[in-house]
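Participant: Quick note on this note's numbering: the sequence shown kicks off at 21 and runs consecutively. All residues carry an ideal CB built from backbone N, CA and C; glycine is no exception. Structure in C-alpha cells, see below.
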Amino acid sequence: MITRRIIAAGIALAGTAGLLVTGALAQTGAGTAGKGHLTIAVFNGWDEGIAASELWKAVLEEEGYTVDLAYADPAAAYTGIAQGDYDLTLDTWLPLTHADYMDTYGDDLVDLGAWNDEAKLTIAVNEDAPIDSLTELAANADLFGNRLVGIEAGSGLVTVTQDDVIPGYGLEGMDFVTASTPAMLTELQAATDAGRDVAVTLWRPHWAYNAFPIKDLEDPDGLLGDAEGIHTVTSTAFGEEQPEVSRWLEDFRMDNELLYSLEDAMFGAYDGDDYGPVVAEWIADNRDWVDGLTR
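In C-alpha cells, the structure reads:
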C-alpha cells in the first residue's frame, strides 16, 4: 500500500518544483568530519537511487565521512556533477535511459560501472486488466480512461515513452499525463482501491511491484529497451580527491532481491521520510553484507 508519505511527498514536490530544477533541497549528513565531505545527487522519485544513496550515506558516515544528499531532477544532477557542485550519483541507467546526459556531459563525468544489472523500463497495468501487451493498449484505451500516467517530465522513462513507445504502438490518442513519481503512485493507489484499470510508466527495480497487484505489458518491439545497468557516475575530480570511496563504489554490487528488501523497509513498511533509523535497522539485519562494502 502507498503510505501517507507518498501522498505528502507529491504535495511537497509540487510546492517545490522550482527548487528541484536547480538541484536544491540538500540534506546534511551527521557523520564525523575528518575523512572528507561528499555530496550525492539523488533523483527525485527514483526510489532505487534514494535507497542506494541513503545506504551509502549511512555506510560512509560510519567510516568517518560527512555526506549530504542533494535531491534534484536528472538534468540538474548531471549538470551539477559535471561542474563539480556534486560528487556523484548512484542512479545512472545505461545504455538507454540516461544516455543523452552521458553524451552531453560525458567529458566531465566518470562512470564507475554498474552496481545492478537488472534494471528495466516498463509500462505496467493492474494485474486483472484484460490486456497483456502494448500492442493491445491502443484498441483498449477507453478501459484505461484514455490515460497513460507518467512520472517526471524530462526523465529518461518519459522521454522514451514519448519518443518511441507512444508512436511505436499507436498510443497518440491517449493522454500522457506527466507530473511526478509520487503523483503516479497516488494514482496507482487510487485505481487499485477503486478496482479500475490503470496504465502507468514504471521500472524495475521498484517496490511498487511488491505493493500492488500489477503486471508489465509485453513490449514485443523492444521500444522500452533491454535490461539496463544502474551505474555510479562521479565528477572527474572525485577519484583523486576520494580514492578510497571511489574504489568502494567501483566494487559495489547489489541485486534486485536485496535492493527490494531495503526499498520495502524504507517505502513500504515505513510511514515517514526520516530514513536514517530505518536504514540503520536494515544495516543491522544485513551486517555481514554491509561490512563487505568497505573491505
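Compare the Cα-Cα distances from Ser281 to each of Pro225, Gly176 and Ala159 and report the closest residue.
Facilitator: Position 261 of the sequence shown, counted from the first residue, corresponds to residue 281. Closest by alpha carbon: Pro225.
Participant: If the criterion is Cβ atoms closer than 9 Å, does the pair Ile60 and Thr109 meet it?
Facilitator: Along the sequence shown, one-based indexing puts residue 60 at 40. Along the sequence shown, one-based indexing puts residue 109 at 89. Cβ distance < 9 Å, so Ile60 and Thr109 count as in contact.
Participant: State the beta-bridge partners of Lys140 as determined by DSSP.
Facilitator: For the purposes of this step, residue 140 is taken as the residue at position 120 of the sequence shown. Paired residue(s): Arg224.
Participant: DSSP on Leu80, reduced to helix/strand/coil?
Facilitator: The residue you call residue 80 lines up with position 60 of the sequence shown. Leu80: helix per DSSP, three-state reduction.
Participant: Taking the runs of the alpha helix (DSSP H) that are 4 residues or longer, which of them lie wholly in the segment 110 to 166?
Facilitator: The qualifying runs are 119 to 125.
Participant: According to DSSP, simplified to helix, strand and coil, what is Leu313?
Facilitator: Taking the sequence shown and counting its residues from 1, the one referred to as residue 313 is at position 293. Helix, per DSSP.
Participant: Exposed or buried, which one is Ala44 when buried takes at least 16 other CB atoms within 10 Å?
Facilitator: Within the sequence shown, the letter at position 24 stands for residue 44. Residue confidence is low: Ala44 scores 37 on pLDDT, short of 50, so the model does not pin down where it sits. No coordinate-derived value is stated.
Participant: Any idea which residues DSSP pairs Ile1 with across the strands?
Facilitator: One cannot answer for residue 1 here, as it falls past the ends of the chain, which runs 21 to 315.
Participant: Drop a sphere of 10 angstroms on the beta-carbon of Thr181, count the other beta-carbons inside from all chains shown, and report buried for 16 or more, exposed for fewer.
Facilitator: As a first step, residue 181 is located in the sequence shown; it is residue number 161 there, counting from the start. Label assigned to Thr181: buried.
Participant: So the beta strand (DSSP E) Leu191 belongs to, where does it begin and stop?
Facilitator: One-based indexing of the sequence shown puts residue 191 at position 171. That residue, Leu191, is in no beta strand (DSSP E); it is neither H nor E in DSSP.
Participant: From this set, Val130, Ala139 and Ala102, which residue's C-alpha is nearest Gly245's C-alpha?
Facilitator: The residue labelled residue 245 in the question sits at position 225 within the sequence shown. When only C-alpha atoms are compared, the closest one is Ala139.
Participant: Under DSSP, the alpha helix (DSSP H) around Asp305 begins and ends at which residues?
Facilitator: By one-based count along the sequence shown, residue 305 stands at place 285. Start and end: Gly296 to Asp305.
Participant: Given this structure, state the Cα-to-Cα distance separating Gly174 from Leu168, to the nearest angstrom.
Facilitator: Start at 1 with the first residue of the sequence shown, and residue 174 comes out as number 154. Start at 1 with the first residue of the sequence shown, and residue 168 comes out as number 148. When rounded, the distance between both Cα atoms is 16 Å.
Participant: Decide yes or no for the touch test of the segment 271 to 278 against the segment 134 to 150: beta carbon pairs closer than 8 Å, at least 3 of them.
Facilitator: Contact holds: three or more Cβ-Cβ distances are below 8 Å.
Participant: When we look at the beta-carbon of Trp76 and count the other beta-carbons within 10 Å, is it buried (16 or more) or exposed?
Facilitator: Locating residue 76 in the sequence shown gives position 56, where the first residue counts as 1. Flag for Trp76 reads buried.
Participant: Could you say which of Asp120, Val253, Gly188 and Glu147 lies nearest to Gly104 if we only look at CA atoms?
Facilitator: In the sequence shown, counting from the first residue as 1, residue 104 sits at position 84. Gly104 has its Cα closest to that of Val253, out of Asp120, Val253, Gly188 and Glu147.
Participant: Determine which residues share a DSSP beta bridge with Ser1 and list them.
Facilitator: What the structure shows of the chain is the stretch from 21 to 315, and residue 1 is not part of that stretch, so it cannot be assessed.
Participant: Sorted by chain position, which residues of the same chain lie with C-beta nearer than 7 Å to Ala71's C-beta, five sequence neighbours on each side aside?
Facilitator: The residue labelled residue 71 in the question sits at position 51 within the sequence shown. Closer than 7 Å at the Cβ level, and outside the excluded window around Ala71, lie Leu279, Leu282, Glu283 and Met286.
Participant: Determine the direct distance from the alpha carbon of Ile101 to that of Thr155, and round the result to whole angstroms.
Facilitator: Taking the first residue of the sequence shown as position 1, residue 155 is located at position 135. Taking the first residue of the sequence shown as position 1, residue 101 is located at position 81. Rounded to the nearest angstrom, the two C-alpha atoms are 39 Å apart.
Participant: Over what stretch of residues does the beta strand (DSSP E) that includes Ile171 continue unbroken?
Facilitator: As a first step, residue 171 must be located in the sequence shown, where it is residue number 151. Unbroken run through Ile171: none, as it is neither H nor E.
Participant: To the nearest whole angstrom, what separates the beta carbons of Glu248 and Pro115, a pair I think is in contact under 8 Å?
Facilitator: If you number the sequence shown from 1, residue 248 lands on position 228. If you number the sequence shown from 1, residue 115 lands on position 95. That belief holds up - the Cβ atoms of Glu248 and Pro115 are roughly 7 Å apart, short of 8 Å.
Participant: Ignoring anything shorter than 4 residues, give me the alpha helix (DSSP H) runs that lie fully in the segment 269 to 297, in order along the chain.
Facilitator: Taking only runs of at least 4 residues, the alpha helix (DSSP H) segments lying wholly in the segment 269 to 297 are 276 to 283.
Participant: CA-CA distance, Ala304 and Ala78?
Facilitator: The residue you call residue 304 lines up with position 284 of the sequence shown. The residue you call residue 78 lines up with position 58 of the sequence shown. Near 11 Å, if we compare the C-alpha coordinates of Ala78 and Ala304.
Participant: If you drop the 5 nearest sequence neighbours on each side, which residues of the same chain put their C-beta closer than 7 Å to that of Tyr295?
Facilitator: By one-based count along the sequence shown, residue 295 stands at place 275. These residues qualify, in order along the chain: Glu74 and Met286.
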